[in-house]
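A.B. asks: Protein sequence lines, in the order shown, are assigned to chains A and B.
Read left to right, the first sequence gives residues 1 to 598 (this note's numbering).
Read left to right, the second sequence gives residues 1 to 197 (this note's numbering).
Heads up, the beta-carbon is just placed ideally off N, CA and C, and yes, glycines get one too.
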Amino acid sequence: MKEYVMGNGAIALGALSAGVNLVAGYPGTPSSEIIETVSKYPHEGIHLEWSVNEKSALEVASAAAYSGARALVTMKQVGLNVASDPLMSLAYVGVKGGLVIVSADDPGPISSQTEQDTRRFADFCRIPVFDPSTPEEAFAMIGDAFEYSEKYHTPLLFRPTTRVCHAYASIDVPGSYTPKEYEGFIKDSRKWVIFPKLSYMNHGLIEERNIKIGQDFSGYRFNNVTGNSAKAVVTSGVSYTYVKECIGDRDDIKVIRVATAFPFPESFMTDALSDVSEVLCIEELSPYIEEQILKTVGIHHLDVTVHGKLDGMVPHNGEMSTELAAGILSGYLGMELSRELIDTSDAPKLPLRPPVLCAGCPHRASFYAVKKAMEGRKAVFCGDIGCYTLGNAMPLDMVDTCLCMGAGITMAQGFAHTDPDSVCFASVGDSTFFASGMTGVVNAVYNEADMILCVLDNSTTAMTGHQPHPGTGRNMMGNIVDKVDIAKVLEGIGVKSIVTVDPLDLKESVEAVKHAAEIKGVKAIIFKSPCIAISKPQGKCSVDGSKCINCKKCIKEVGCPALITVEGHVSIDMNLCTGCGLCAKVCPVSAIGGRNDE
Amino acid sequence: MNKDILICGVGGQGTVLASKIIAASASAEGSQIHSAETIGMAQRGGSVTSHVRIGDKAHSPLIPFGNADLLLAFEPAEAVRNLKYLRKDGVAIVNTVASKPVTESLADTGYDGSNMTAYIADKCSCIFVDSDRVCAPFGSSRFFNIIILGIAAGSGKLGIAQDTILEQIEKRVPKAYVDINIKAFRTGYETGQGAGN
Numbered sequence: 001m002k003e004y005v006m007g008n009g010a011i012a013l014g015a016l017s018a019g020v021n022l023v024a025g026y027p028g029t030p031s032s033e034i035i036e037t038v039s040k041y042p043h044e045g046i047h048l049e050w051s052v053n054e055k056s057a058l059e060v061a062s063a064a065a066y067s068g069a070r071a072l073v074t075m076k077q078v079g080l081n082v083a084s085d086p087l088m089s090l091a092y093v094g095v096k097g098g099l100v101i102v103s104a105d106d107p108g109p110i111s112s113q114t115e116q117d118t119r120r121f122a123d124f125c126r127i128p129v130f131d132p133s134t135p136e137e138a139f140a141m142i143g144d145a146f147e148y149s150e151k152y153h154t155p156l157l158f159r160p161t162t163r164v165c166h167a168y169a170s171i172d173v174p175g176s177y178t179p180k181e182y183e184g185f186i187k188d189s190r191k192w193v194i195f196p197k198l199s200y201m202n203h204g205l206i207e208e209r210n211i212k213i214g215q216d217f218s219g220y221r222f223n224n225v226t227g228n229s230a231k232a233v234v235t236s237g238v239s240y241t242y243v244k245e246c247i248g249d250r251d252d253i254k255v256i257r258v259a260t261a262f263p264f265p266e267s268f269m270t271d272a273l274s275d276v277s278e279v280l281c282i283e284e285l286s287p288y289i290e291e292q293i294l295k296t297v298g299i300h301h302l303d304v305t306v307h308g309k310l311d312g313m314v315p316h317n318g319e320m321s322t323e324l325a326a327g328i329l330s331g332y333l334g335m336e337l338s339r340e341l342i343d344t345s346d347a348p349k350l351p352l353r354p355p356v357l358c359a360g361c362p363h364r365a366s367f368y369a370v371k372k373a374m375e376g377r378k379a380v381f382c383g384d385i386g387c388y389t390l391g392n393a394m395p396l397d398m399v400d401t402c403l404c405m406g407a408g409i410t411m412a413q414g415f416a417h418t419d420p421d422s423v424c425f426a427s428v429g430d431s432t433f434f435a436s437g438m439t440g441v442v443n444a445v446y447n448e449a450d451m452i453l454c455v456l457d458n459s460t461t462a463m464t465g466h467q468p469h470p471g472t473g474r475n476m477m478g479n480i481v482d483k484v485d486i487a488k489v490l491e492g493i494g495v496k497s498i499v500t501v502d503p504l505d506l507k508e509s510v511e512a513v514k515h516a517a518e519i520k521g522v523k524a525i526i527f528k529s530p531c532i533a534i535s536k537p538q539g540k541c542s543v544d545g546s547k548c549i550n551c552k553k554c555i556k557e558v559g560c561p562a563l564i565t566v567e568g569h570v571s572i573d574m575n576l577c578t579g580c581g582l583c584a585k586v587c588p589v590s591a592i593g594g595r596n597d598e
Numbered sequence: 001m002n003k004d005i006l007i008c009g010v011g012g013q014g015t016v017l018a019s020k021i022i023a024a025s026a027s028a029e030g031s032q033i034h035s036a037e038t039i040g041m042a043q044r045g046g047s048v049t050s051h052v053r054i055g056d057k058a059h060s061p062l063i064p065f066g067n068a069d070l071l072l073a074f075e076p077a078e079a080v081r082n083l084k085y086l087r088k089d090g091v092a093i094v095n096t097v098a099s100k101p102v103t104e105s106l107a108d109t110g111y112d113g114s115n116m117t118a119y120i121a122d123k124c125s126c127i128f129v130d131s132d133r134v135c136a137p138f139g140s141s142r143f144f145n146i147i148i149l150g151i152a153a154g155s156g157k158l159g160i161a162q163d164t165i166l167e168q169i170e171k172r173v174p175k176a177y178v179d180i181n182i183k184a185f186r187t188g189y190e191t192g193q194g195a196g197n
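1. Tell me whether residue 158(A) sits in a helix, a strand or coil according to DSSP, three-state version.
2. Please report the straight-line C-alpha distance between residue 184(A) and residue 153(A), rounded to a whole angstrom.
3. Just how far apart, CA to CA, sit residue 593(A) and residue 550(A)?
4. Any Cβ of chain A within less than 7 Å of the Cβ of residue 115(B)?
5. Of the choices 588(A), 279(A), 76(A), 214(A), whose alpha-carbon is the least far from that of residue 234(A)?
6. Kindly say whether residue 25(B), judged by its beta-carbon, lies nearer than 7 Å to any beta-carbon of chain A.
7. Identify each residue in the region 121-155 of chain B for which the Cβ-Cβ distance to at least one residue of chain A is less than 7 Å, and report them in chain order.
8. Which of the three DSSP states is assigned to residue 105(B) in this structure?
9. Using 7 Å as the limit for Cβ to Cβ distance, is residue 81(B) near chain A?
10. Check for me: the alpha helix (DSSP H) holding residue 241(A) runs from which residue to which?
11. Any beta-carbon of chain C closer than 7 Å to the one on residue 417(A)?
12. Residue 563(A) lies in the beta strand (DSSP E); which residues open and close that run?
13. What's the C-alpha gap between residue 598(A) and residue 539(A)?
14. Spatial neighbours of residue 21(B) within its chain, please: CB distance less than 7 Å, with the 5 preceding and 5 following residues excluded, ordered by chain position.
15. How would you label residue 90(B), buried or exposed, when you count the other beta carbons within 10 angstroms and need 16 or more for buried?
16. Opposite residue 318(A) in the DSSP bridges: which residues?
17. Measure from the alpha carbon of residue 486(A) to the alpha carbon of each residue in 269(A), 197(A), 340(A), 455(A), then state which is nearest.
18. Compute the beta-carbon to beta-carbon distance between residue 601(A) and residue 522(A), rounded to the nearest angstrom, for a pair I have assumed lies under 8 Å.
19. What separation, rounded to the nearest whole angstrom, lies between the Cα atoms of residue 386(A) and residue 353(A)?
20. Any beta carbon of chain B sitting closer than 7 Å to that of residue 342(A)?
21. For a contact meaning CB atoms closer than 8 Å, what does residue 241(A) contact in chain B?
22. Three or more beta-carbon pairs under 8 Å between the region 101-115 of chain A and the region 260-273 of chain A, yes or no?
23. Using a 10 Å radius around the Cβ and a threshold of 16 neighbouring Cβ atoms, would you call residue 566(A) buried or exposed?
24. Between residue 350(A) and chain B, is any beta-carbon pair separated by less than 7 Å?
25. Give the secondary structure of residue 257(A) by DSSP, where H, G and I count as helix, E and B as strand, and everything else as coil.
26. Measuring only the C-alpha atoms, how far is residue 582(A) from residue 534(A)?
27. So residue 382(A) is in the beta strand (DSSP E); what residue range does that whole segment cover?
28. Just how far apart, CA to CA, sit residue 57(A) and residue 208(A)?
29. Which first and last residues belong to the alpha helix (DSSP H) in which residue 76(A) is found?
30. Put residue 597(A) into one of helix, strand or coil per three-state DSSP.
31. Just to check my reading of the structure: residue 339(A) and residue 138(B) have Cβ atoms closer than 8 Å, yes? What is that Cβ distance to the nearest angstrom?
32. Could you name the residues of chain B that residue 563(A) contacts, counting a contact when the two beta carbons are closer than 9 Å?
33. Does DSSP classify residue 300(A) as helix, strand or coil?
34. By Cβ distance below 6 Å, which residues in the same chain neighbour residue 434(A) in space, the five residues on each side in sequence not counted?
35. Output needed in chain order: residues of the region 4-29 of chain B with a Cβ under 8 Å from some Cβ in chain A.
36. Among 46(A), 5(A), 181(A), 163(A), whose alpha-carbon lies nearest the alpha-carbon of residue 68(A)?
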C-alpha cells in the first residue's frame, strides 16, 4: 500500500519492514519524527523509547543487538557526539543483531549548533555509513543497512540530512510488520567485554573487514553512474537530486553517485573514473568524498584532476541547492544550466523574522523575572539548548552563552569561580535537565560553586515537537509511569535552596530570584508553567485605549509577538494572545487587562 | 501534470495544513507528489515555506528558483522574499495583510506590507486577497489557509478539482471544524472564480 510520508517516516517504516525489535533515541531536529512515526504505526512486540539522552539510547540498543535483536537508534548529528563514547567502543566489540544508528546531519545549519559530518564520524569509528538522497531511497536503504550490519557484525551509521528527513514522498509499504525472531543473549566474555587485548585484535580484523566491505559496496545498488563525459560530476545525498535537477535527462554529462562514503567503494570509483580527466565533487558539509577520490587517484596514479571544496570551487559551509549547483556546474562544464528568474534585485528591504518565543510562552515570564530581580547587579546568564535559547533575543537579552546540551549549568559554575563578583545563572529546560543537566548540578554542589539554577519546566520537550520525558509521567510505550520529580532530584543532590514558582506570577518570581541571590552555594528555582502549545489559553488580554499612554513599555520590555502597533498605537493580536497577563503586569498605567475578566 | 507550488508565510499561519491538503489532493488524483516543509526553530514566528511538487519530473524536494507555477503567499513581505521561486509567467496569490515581526514592533519602521504588494504587482501576475476581510465572517484569521486554497482552486491555477480538495479537508481537519472549513473553502473558491477571469 502507498503511504505519503516524511523522510523520517520512511526511515521508521523501513525499519519496521526490516523487523526491528527495539527503537530508542533522543529528540533532535531533523531526526525527531522517526520514533514518532513508529509509535503511530502498529508496533506490537517492539520496545520503543525516548531515552534520556543519545548515549543511553545507544547503550540500550547495544544490548538488544548483542542479543541478536534488530535495533534502531535515532538522533541528530550533535547527539552523536553524546553517543560517541559507547559508539567508539561498540565499533570494536561489534554486534550480533543488526544495529543501525540514524544520525541526521543539518547542513546550513538550519536548527543546529554545528555543521559536522556524520560520514567523518563513520570513518573515525571505522564503521560503514549509508547516505540516502530521497525518502524513497531512505526507506529501501534502511533494510539494506540491517542486512549489512548482520553480515559484517558491525553497528553502522545511517546519515540522512535535513532535506531528506523533512521531504515527503509516496512510498510502497507492507501493510503489517513482524518483529524479527532472535536468539537472546549468549554469554561470552571474550566477545562482549572490551579489554585492551580484544581491542588490539579486533582493530586489525576491522581494518581487514573494511577492505571487504569497500569491495562489497562497489557493487551496491545505490552507488551508480549515469551519462558519459570526460568531465564528470561526483555527488551524494540530497546534492544528487540538485545535480539531476540541473542536468535533467541529458546523457552527455557523467554523474557518479556515492551512497556509501565509508568504507569507500574504491573499485567502483576507479571504474567510474577510467575515461574521465576531471571530476567535480558536489557534496554538503565536509569534502569527504573529494578526499577519498584524491586518495584513490593517488593510490592508482590516475590522471584525473579533482575539483570541489578543496580548490574553492564549492563552498565549505552552508547547504547545497539546485541554484548553487547550477552556477558551479555551468562554470565547470562551460554550458549554461541556470534558469531565467524574475529580477528581484530591486526588492524593498524585507523585515527580518528571527525565531522568537511564542506569544504567552512562560519562558518569557521566567527570563523577565530574573532580569527584573537582577536590575543594577552584575550577573551572567548561561543558556542552554531548547526553545529558551530564544531568550537571547531583544528585548529580553537574557542568554549570554549557549554551547551544547547541559553546558549552561557547568559554565555558570565556571563563571562563579572566575568572575566571583557576578551572580551566575544557568537556565535549563526540563528535558535538557534530564538529558545532561543532572551531572552538572552534582559537579556544582561538589565543587562548591555559587550559582543559581533556573529550571524552566514547561512539562515537555517543546522545541523538537513536544516529546515526553522522565518528568512528564508518560513514555513511548504509551504507559503512565512515575514522574521523576526535579525538585526531589535536586534535593537528593544536596542543592541548598529549592523553590518552585509560577513564572506568570511576576511578583513571587522576582522575590524568589532576589532571595536566591542572597544565599551562598547552589540554589535552584523551578519555574513551572506548561508550554502554551500543550495547554489551554487562559483568556485574552486587551488594551484599554482610554487608559493607554502609548509609552510602549510592554513592547519594549516584554517583546511578545502578540503585542503589535496598529496605526502607531499598542494593540494585542487576538489570534496570538494566550492571556498570560505578563504585559498587564508590566504596564505602568494598568491599561492592559481582561485576562480573567470574562 | 507537472506543477510546482510554493506556499510561504510566517510560522503559525497554517501553511503546513494547506500544503498537506494540496499534496494529498494531487495524490488522490493520481499524480506523483513530493513536498518539503520548514520544521524546527524557524517555526517560532520565522519565515516558513512549503514546497509542493506535482508530477514525475521533480528530483529535488525543494522547488528550484524560477520553477514555481504558483506562489501562495500568506504575507506580503514573504511573497517578495520568495518571488525568486516563481516562473516568469507564474501566478502569485498574495495576502495584503502584513504580519509584523517583534523586531519591527520594537523599531517601529512603519512596515505595513503596502510597499511589498506594490512591488510584487509590477513583477508578476497577481491575485491580491485581504485576509482580514475574507476571514471576518469566520471570526478568526486561522481560516485563511483554507480560504487561500479555495482561491487557488477557484482561479483554475491549482489544477485540482474542487471535490477532491473538499474530500481531503474532511479527512484532515478535526471533525468539529469540518463544516466551517468547507464553508471557508467555498468562500475562497468563489473569490478565486472571480479573480481568475
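C.D. replies: This is what the structure holds:
1. strand
2. 16 Å
3. 15 Å
4. yes
5. 279(A)
6. Taking Cβ atoms only, chain A never reaches closer than 7 Å to residue 25(B), which makes this a no.
7. 123, 124, 140, 141, 142
8. If DSSP states are grouped into helix, strand and coil, residue 105(B) belongs with the helices.
9. yes
10. Residue 241(A) -> alpha helix (DSSP H) spans 239-247.
11. Judged by its chain identifiers, the structure shown contains no chain C, and its protein chains are A and B.
12. 563-566
13. For residue 598(A), the predicted model reports a pLDDT of 38, less than 50, meaning its position is unreliable; a value from the coordinates is still stated below. When rounded, the distance between both Cα atoms is 8 Å.
14. Correct list, in chain order: 149, 165, 168, 169, 172.
15. buried
16. Residue 318(A) pairs with nothing; no bridge assigned.
17. 455(A)
18. Nothing about residue 601(A) can be reported from this structure: the residues present for chain A run from 1 to 598 only.
19. 19 Å
20. yes
21. Going along chain B in sequence order, the residues near residue 241(A) (Cβ under 8 Å) are 59, 60, 61.
22. no
23. Exposed is the call here.
24. Interface residue, yes.
25. strand
26. 19 Å
27. 379-382
28. 29 Å
29. Counting along the chain, residue 76(A) falls outside any alpha helix (DSSP H), though it belongs to the beta strand (DSSP E) covering 71-76.
30. Note that residue 597(A) has pLDDT 43, beneath the 50 cutoff, so the model's placement of it is unreliable and no number is given.
31. Actually they are not in contact, since the Cβ atoms of residue 339(A) and residue 138(B) sit about 39 Å apart, beyond 8 Å.
32. 102, 105
33. coil
34. For residue 434(A), where only same-chain residues beyond five positions count, the Cβ hits under 6 Å are 52, 469, 470.
35. If the cut-off is 8 Å between Cβ atoms, the region 4-29 of chain B has 10, 11, 12, 23, 24, 27 near chain A.
36. 181(A)
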